[in-house]
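First comes the structure, then the notes that go with it.
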Amino acid sequence: MYSYPKVKNVTLSLSNISNEIYKLISEIRSDWNSSNTRLVTFTEGITNSILGLFDNRIVDDQSNGLIIKLFGAHTELFIDRPSEINAMVKLSEYGVLTQRVLIQFNNGIIYEFTTGEACSREDVRKDNISKLIATKIAQFHSIPNDKYEKPYIISLIRKFIQLISENEQQKKGFN
Numbered sequence: 001m002y003s004y005p006k007v008k009n010v011t012l013s014l015s016n017i018s019n020e021i022y023k024l025i026s027e028i029r030s031d032w033n034s035s036n037t038r039l040v041t042f043t044e045g046i047t048n049s050i051l052g053l054f055d056n057r058i059v060d061d062q063s064n065g066l067i068i069k070l071f072g073a074h075t076e077l078f079i080d081r082p083s084e085i086n087a088m089v090k091l092s093e094y095g096v097l098t099q100r101v102l103i104q105f106n107n108g109i110i111y112e113f114t115t116g117e118a119c120s121r122e123d124v125r126k127d128n129i130s131k132l133i134a135t136k137i138a139q140f141h142s143i144p145n146d147k148y149e150k151p152y153i154i155s156l157i158r159k160f161i162q163l164i165s166e167n168e169q170q171k172k173g174f175n
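According to this note's numbering, the residues represented by the sequence shown are 1 to 175, in order.
Next up, the structure:
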């Protein structure tokens with residue numbers, strides 16, 4: 001039995017990912033290669049590049065798919081990546097997230113793909129869906145916190161302000 005996520009000292013390049021990805025996933029999808037899979041780019045990411053890798057040998061079944069999340073350049077300045085990954089692992093362990101984080105590498109993560117679609121405003125107003133959302137929120141809030149954490153939002157806002165100030169100072173230096 002594997003312990004996840006597997007941590008790899010690898011840095012992927014978005015421009016060469018179609019060649020680099022198969023070596024990285026060889027422990028979890030040993031039979032996958034460029035001839036039997038398809039790589040799909042998702043455009044919803046704001047700060048990250050997100051791709052899906054799917055097995056072409058299984059028609060109309062993406063349940064074995066992988067999501068590859070490449071962290072955006074310098075996003076570690078305002079996103080605590082270790083905390084993000086730890087939260088995803090813990091949420092998966094408690095069943096709040098259905099996807100497991102399978103691989104953590106220098107500039108990203110790979111996790112399981114789950115089929116579905118985002119809810120619209122109309123969807124979340126439907127009784128059956130709002131009850132499912134409430135159940136997930138309750139499940140989320142029932143997870144024990146291993147350690148006392150200070151509220152994160154204040155320190156995050158301060159970090160943003162500092163980054164903006166530093167950026168403005170750099171701009172002044174170039175004028």
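Ideal Cβ positions, reconstructed from N, Cα and C, are used throughout, including at glycine.
Cutoff 7 Å; reference residue i; Cβ partners in own chain excluding five residues on either side
i     : result
Arg38 : Phe54 and Asn56
Cβ-Cβ distance between residue i and residue j below 8 Å
i      : j      : result
Ile68  : Gly116 : no
Leu14  : Leu77  : no
Ile25  : Leu66  : yes
Asn86  : Asn9   : no
Thr114 : Thr135 : no
CA nearest to the CA of residue i, picked from the options
i      : options                         : result
Leu70  : Ile133, Thr11 and Ile157        : Thr11
Asn197 : Tyr22, Gln99, Leu91 and Ser63   : Not covered by the structure: residue 197. The range shown for the chain is 1 to 175.
Tyr111 : Ser63, Glu20 and Val59          : Ser63
Glu93  : Val59, Glu20, Asp127 and Ser142 : Ser142
Ile157 : Ile79, Phe42, Asp61 and Thr47   : Ile79
Whole-angstrom distance between residue j and residue i, CA atom to CA atom
i      : j      : result
Glu166 : Arg81  : 21 Å
Arg125 : Asp31  : 43 Å
Ser155 : Ile161 : 10 Å
Pro144 : Ser35  : 44 Å
Glu44  : Ile153 : 24 Å
Lys159 : Pro151 : 14 Å
Gln139 : Glu168 : 42 Å
Ile133 : Asn16  : 39 Å
Tyr4   : Ser18  : 23 Å
Gly72  : Arg100 : 21 Å
His74  : Ser49  : 13 Å
Asp127 : Val89  : 30 Å
Cys119 : Glu20  : 34 Å
Arg121 : Asp146 : 34 Å
Ser83  : Thr47  : 17 Å
Lys42  : Ile137 : The amino acid at residue 42 is misidentified as Lys; the sequence shows Phe. Rounded to whole angstroms, Phe42 to Ile137 spans 26 Å at the Cα level.
Sequence-distant residues of the same chain with beta carbon closer than 6 Å to residue i, five excluded per side
i      : result
Ile28  : Leu102
Lys6   : Ile103
Leu91  : Leu97
Val40  : Gly52
Val59  : none
Asp123 : Ile129
Asp61  : none
Cβ shell of residue i (< 8 Å), same chain only, five flanking positions each side left out
i      : result
Gly95  : Gln139
Met1   : Bear in mind that the predicted position of Met1 carries a pLDDT of just 48, short of 50, making it unreliable; the figure below should be weighed with that in mind. Contacts found: none.
Lys131 : none
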